[in-house]
Amino acid sequence: MEAKKTFFNLPEEKQKRVLEAALEEFSEKGFNGASINLIVSKLGIAKGSIYQYFTDKKSLFLHIFDYAVELIRKRLKQVKQETKEEPAFERIKRSLLAGVDFIEHHPFIYRGYLKMMFEREVPFRQELLQKIRLFSSEYLTSLLIEGQEKGEIRGDVNLETMVFLLDAVMDRFLQAYAVPYLNSDLHIHGAKRAELERMIDGLVDTIRKGIGK
């Protein structure tokens, strides 16, 4: 579901304010617990105004999802472009660090992703999670293929299997970084930048030993 035309007629800054307020509410309380009343209260607008922009709560939520995915897509596209001359394993490291930075700059988006992972009542939950996984898979596949073409990754590596493993490792690392109770024995949550980079170097080195030439 798309936002109404009236939403896109708003100045870009006002659009962003609406989306950020809704993101905060959905990420803290999930889809069912989120309140349109609280969102409009934070924005200082009448409740009817939000329905001039979105049909209902579901359409607002789905638009926010698309907004969040597009932010992630743009950031990873930027990382891919910035690292195109670097070795494949350095690109994997930079991608994971970009995930850490994204969580720092957009904590509500990541919190909303975790809510979606564990809250079954989210509308179109399965389709939305599949969209995220597909995007991640395509991104990681492109890095691995380019690594093979450069002779940095073995040609006999099963790409589908490796992408699944990489996606799982990176997702788990970011969860441990973002959420204290999902932390691991590596003590990722609360680690300083230098320590995070050391941990990521260790993970990437393990991957390199498995698939690198």
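Residue -7 is where the sequence shown starts when you use our numbering, and the numbers rise one by one after that. Think of the CB as a built atom: it goes at the ideal place given N, C-alpha and C, for glycine as much as any other residue.
Taking Leu157 as reference, the option from Arg125, Glu4 and Ala186 with the minimal CA-CA separation is Arg125. Contact between Pro79 and Glu144 holds, since their C-beta atoms are separated by about 6 Å, short of 8 Å. Here Gly204 carries a strand assignment [DSSP, helix/strand/coil]. Between the region 101 to 118 and the region 129 to 137, the count of Cβ pairs shorter than 8 Å is below three; the stretches do not touch. In the structure shown, the three-state DSSP call for Ile145 is strand. For the pair of segments examined, the region 89 to 101 was found to touch the region 59 to 78: the number of CB pairs separated by less than 8 Å reaches three. Going by DSSP, Thr47 is part of no alpha helix (DSSP H) at all; its letter is neither H nor E.
With respect to Met162, Leu54 sits apart: the two C-beta atoms are not nearer than 7 Å. With 16 or more other Cβ atoms inside 10 Å of its own Cβ, Gly139 counts as buried. Counting the other Cβ atoms within 10 Å of the Cβ of Phe0 gives fewer than 16, which makes it exposed. Residue burial annotation: Ile199 is buried, with at least 16 other C-beta atoms found within 10 angstroms of its C-beta.
In this model, Lys(-4) and Tyr45 are separated by some 5 Å (Cα to Cα). Under the three-state reduction of DSSP output, Arg112 falls in the coil class, being neither helix nor strand.
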